[in-house]
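Notes for the one structure printed next.
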Amino acid sequence: AARPEEFDIVAINDLGDPKALAMLLKYDSVQGRYPGTVEVDGDSLVVDGKKIKVIAQRNPAELPWKEMNIDVALESTGFFTARAGNGKPGYDSHLEAGARKVVLSAPAKDNVDLTVVMGVNDDQLSADHKCISNASCTTNCLA
Numbered sequence: 001a002a003r004p005e006e007f008d009i010v011a012i013n014d015l016g017d018p019k020a021l022a023m024l025l026k027y028d029s030v031q032g033r034y035p036g037t038v039e040v041d042g043d044s045l046v047v048d049g050k051k052i053k054v055i056a057q058r059n060p061a062e063l064p065w066k067e068m069n070i071d072v073a074l075e076s077t078g079f080f081t082a083r084a085g086n087g088k089p090g091y092d093s094h095l096e097a098g099a100r101k102v103v104l105s106a107p108a109k110d111n112v113d114l115t116v117v118m119g120v121n122d123d124q125l126s127a128d129h130k131c132i133s134n135a136s137c138t139t140n141c142l143a
């Protein structure tokens, strides 16, 4: 993020072990070595002294977002690119779990409130939007 001080990362939902996640953050193959501290404390990462809970939940509807007072859930697994239906969870399951908004990191397979490409149509973003897509990584690279 361009202004990381504006974000408070509360939790990470990943099926990976916190020790493995810490190593991947500390020694990122693209961004390089993380200059700060990355440690593991039980089921949490501690990044530069900030404790971040690690959860391993396959169904986003069962995440503790309400209890954790989550404003925005970033859905970046690639598994939930459509709304919930037919007994299957979807990107909007994060809302069911208590998140106030969802940002999908991939193109949606159905109608999100808005598909945003920064620098192209981000002026259309509204506080009323609950589920938005950030288009695709390729689209953002080209924009």
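Under my numbering, the first residue of the sequence shown is numbered 1, with each subsequent residue one higher. Beta carbons: idealized from backbone N, C-alpha and C, even for Gly.
Taking only runs that begin and end inside the stretch 47-110, name each unbroken alpha helix (DSSP H) of 4 or more residues, in chain order.
Whole alpha helix (DSSP H) segments, 4+ residues: 65-68 and 93-96.
Does the Cβ of Asn134 have 16 or more other Cβ atoms within 10 Å, making it buried, or fewer, making it exposed?
The residue is buried, with at least 16 neighbouring Cβ atoms inside 10 Å.
Suppose contacts are defined by Cβ-Cβ distances below 8 angstroms. Is Lys70 in contact with Val112 by that definition?
A small fix is needed here, since residue 70 is Ile in this sequence, not Lys. Going by C-beta atoms, Ile70 is not nearer than 8 angstroms to Val112.
Residues bridged to Glu39 [DSSP beta-bridge criterion]
Answer is Val46, bridged to Glu39.
So, do the stretch 50-57 and the stretch 72-81 have three or more beta carbon pairs nearer to each other than 8 angstroms?
When Cβ pairs closer than 8 angstroms are counted between the two stretches, the stretch 50-57 is seen not to touch the stretch 72-81, the count staying below three.
Return the first residue and the last residue of the alpha helix (DSSP H) that Ala20 is part of.
That run of the alpha helix (DSSP H) goes Pro18 to Lys26.
Report yes if the CB atom of Lys130 is closer than 8 angstroms to the CB atom of Lys88, and no otherwise.
No, Cβ-Cβ distance for Lys130 and Lys88 is not below 8 angstroms.
Let me make sure I understand the geometry here. Which of Ser93, Met118 and Leu125 has the alpha-carbon closest to that of Pro64?
The shortest Cα separation from Pro64 among Ser93, Met118 and Leu125 belongs to Ser93.
If I measure Cβ to Cβ from Leu45 and keep anything under 8 angstroms in the same chain, skipping five residues before and after, which residues do I get?
Its chain contains Ile12, Pro18, Leu21, Ala22, Leu25, Val38, Glu39, Lys51, Ile52 and Val54 as the residues whose beta carbon lies nearer than 8 angstroms to that of Leu45, once the 5 sequence neighbours on both sides are disregarded; these appear in chain order.
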